[in-house]
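Under this note's numbering, think of the first position of the sequence shown as 1, with each following residue one higher.
We put the beta carbon where it would ideally sit given N, CA and C, even for glycine.
Below is one structure, written out as structure tokens, with a few remarks after it.
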Amino acid sequence: MTDQSLPAVTFRDVTRRYGPVTAVDGVNLDIAPGEFFALLGSSGSGKTTLLMLLAGFERPTEGSVLMSGTSVSDMPPHRRKIGVVFQNYALFPHLTAAENVAYPLKMRGVSRSEREERVRAALSLVNLSDRGGSYPVQMSGGQQQRVALARALVFGPDLLLMDEPLGALDRRLRDQMQQELKRIQRELGITVIYVTHDQSEAMAMADRIGVMAGGKLLQVADPVSIYEAPSNHFVARFIGECSILHVTGVDGGRGYEVVGARHSLLTPVTKPFDIVVRPESVSLHSSSNSQLDGGVAATIRDVTYLGAGWRVALQLSDGQPLLANVMRGDELAGSLAPGNSVIARWSSGAVAVLPTEGSP
Ligand code: ADP
Ligand code: MG
């Protein structure tokens, strides 16, 4: 039984060093029971190390890891009730799919009849009921990953850890597996920690995302908040495309000025700040509309066709770069060319405010 009122997982001031390298640096994090949590970061940011500390394959240099409020420091991996799925499936090649899935049950001394029943249920959960007798080489990458998933779930773990599990699959299969993983998670109500370097995968799947860099958790929030209100420059750039503009605060922080245009802020800001503008929030207008409220003069530098529209790279008249998306049917659609002068606009609700880089 797990206590639903306690976090399923707690990292408390967890640091892991390898010689001079600090792989995980002072991480504090609570994960709720039943939550789908994505750890997002580029290669080397410490994601796998954090998972291994939780699974018990590594020990923290400092701090502690708790499951349902109890420290697991002295608990060996096989007693932590954690299923793990890696990118490279790690199936036993000489065992059939059913034998691979049965393996954790055998290790735990589960009787043959119960084993057979549980293996059947696990293979059915991942839609592989008819492939139990196949060997890994006889299966596609997607099917092998399903076997690995069934093997991770067959002993009824409290927690499922997945380390870039879909990285080896092609795009179409990945989209399909993402949806299936969500279905399985809903069906089982299990807590999932999912490691990925792909921000769109994290956005599509997770209840909350933790962005990691240099061993630190930079921000933890739901996908919408992390996209609309990134807490710093790194997170803003890592999650989707954006422009970060240096602006001058005016009216005691109730607004800002950029290239002579004044904008108000929804919430006043007292410290030095920059603003984040997402390309879909920027609209372009003919330069003959120079009286447009809040409009900023810009020159088109580059136009990329995206199918659904165009990505336009602009340079503001003060030299700062700005990205805009122009969709079919928008003003100027079809008449965008490098060198053209335009007016760029965005609404005050569309910007996020960031502390200026390097400021305390
Ligand atoms: P990620 O999974 O985000 O790519 P890792 O957790 O694998 O990152 O690695 C984080 C950092 O710790 C990297 O600099 C890596 O080289 C280092 N590291 C990880 N494991 C070890 C180890 N066993 N020995 C030495 N350095 C390690
Ligand atoms: Mg890794």
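Which term fits Gly83, buried or exposed, when burial requires 16 or more other beta carbons within 10 angstroms of its beta carbon?
The residue in question, Gly83, is buried, as its Cβ has 16 or more Cβ neighbours within 10 Å.
Under 7 Å Cβ to Cβ from Gln199, same chain only, skipping five residues before and after it: list those, please.
When the five nearest sequence neighbours on each side are left out, the beta carbons in the same chain lying within less than 7 Å of the beta carbon of Gln199 are those of Leu40, Phe238, Ile239 and Gly240, in order along the chain.
Let me know the beta strand (DSSP E) ranges lying completely inside the stretch 283-309, each 3 residues or longer, listed in chain order.
283-286 and 296-305, all fully within the stretch 283-309.
Quick one: using the 10 Å Cβ neighbour count with 16 as the cut-off for buried, is Gly94 buried or exposed?
The sequence given here places His at residue 94; Gly does not occur at that position. With fewer than 16 Cβ atoms within 10 Å of its Cβ, His94 is classed as exposed.
Say whether the stretch 275-290 touches the stretch 338-357, bearing in mind that this needs 3 or more beta-carbon pairs closer than 8 Å, one atom from each stretch.
Verdict: yes, contact present.
State the start and end residues of the unbroken beta strand (DSSP E) segment that holds Met67.
Element bounds for Met67: Glu62 to Met67.
Counting only runs that start and end within the stretch 202-273, where is the beta strand (DSSP E) found for 3 or more residues in a row?
DSSP runs (the beta strand (DSSP E)) wholly in the stretch 202-273: 208-213, 216-221, 243-246, 248-250, 255-258 and 261-264.
To the nearest angstrom, how far is the alpha carbon of Arg59 from that of Ala98?
Cα-Cα distance, rounded: 32 Å.
Looking at the unbroken alpha helix (DSSP H) that takes in Pro355, where does it start and where does it end?
Pro355: not part of any alpha helix (DSSP H); member of the beta strand (DSSP E) spanning Val351 to Pro355, first to last residue.
Please report the straight-line C-alpha distance between Gly141 and Leu181, rounded to a whole angstrom.
One C-alpha to the other measures close to 15 Å.
Hey, how far is the Cα of Arg174 from the Cα of Ser111?
Their Cα atoms are separated by approximately 35 Å.
How long is the line joining the alpha carbons of Val282 and Trp310, rounded to whole angstroms?
C-alpha of Val282 to C-alpha of Trp310: approximately 12 Å in a straight line.
If you count every other CB in all the chains shown that lies within 10 Å of the CB of Asn100, and 16 or more means buried, which is it?
Asn100 comes out buried.
Residue of Thr356, Pro355 and Asp302 minimising C-alpha distance to Ser341
Answer by Cα proximity: Asp302.
For the alpha helix (DSSP H) that Gly83 lies in, which residues bound it at each end?
Segment Ile82 to Phe86 is the beta strand (DSSP E) holding Gly83; no alpha helix (DSSP H) there.
For Pro93, does the three-state DSSP call read helix, strand or coil?
Residue state, collapsed to three classes: coil.
Cutoff 6 Å; reference Val119; Cβ partners in own chain excluding five residues on either side
Closer than 6 Å at the Cβ level, and outside the excluded window around Val119, lie Ala98, Val101 and Ala102.
Tell me where the beta strand (DSSP E) around Arg345 begins and ends.
For Arg345, the enclosing beta strand (DSSP E) stretches over residues Ser341 to Arg345.
Thinking just about the alpha-carbon of each residue, which of Asp13, Ala152, Val147 and Asn28 is nearest to the one in Arg80?
Nearest of Asp13, Ala152, Val147 and Asn28 to Arg80, Cα basis: Ala152.
Specify the secondary structure class of Gln144 as computed by DSSP and reduced to three states.
The DSSP-derived three-state label of Gln144 is helix.
How would you label Phe11, buried or exposed, when you count the other beta carbons within 10 angstroms and need 16 or more for buried?
That one is buried.
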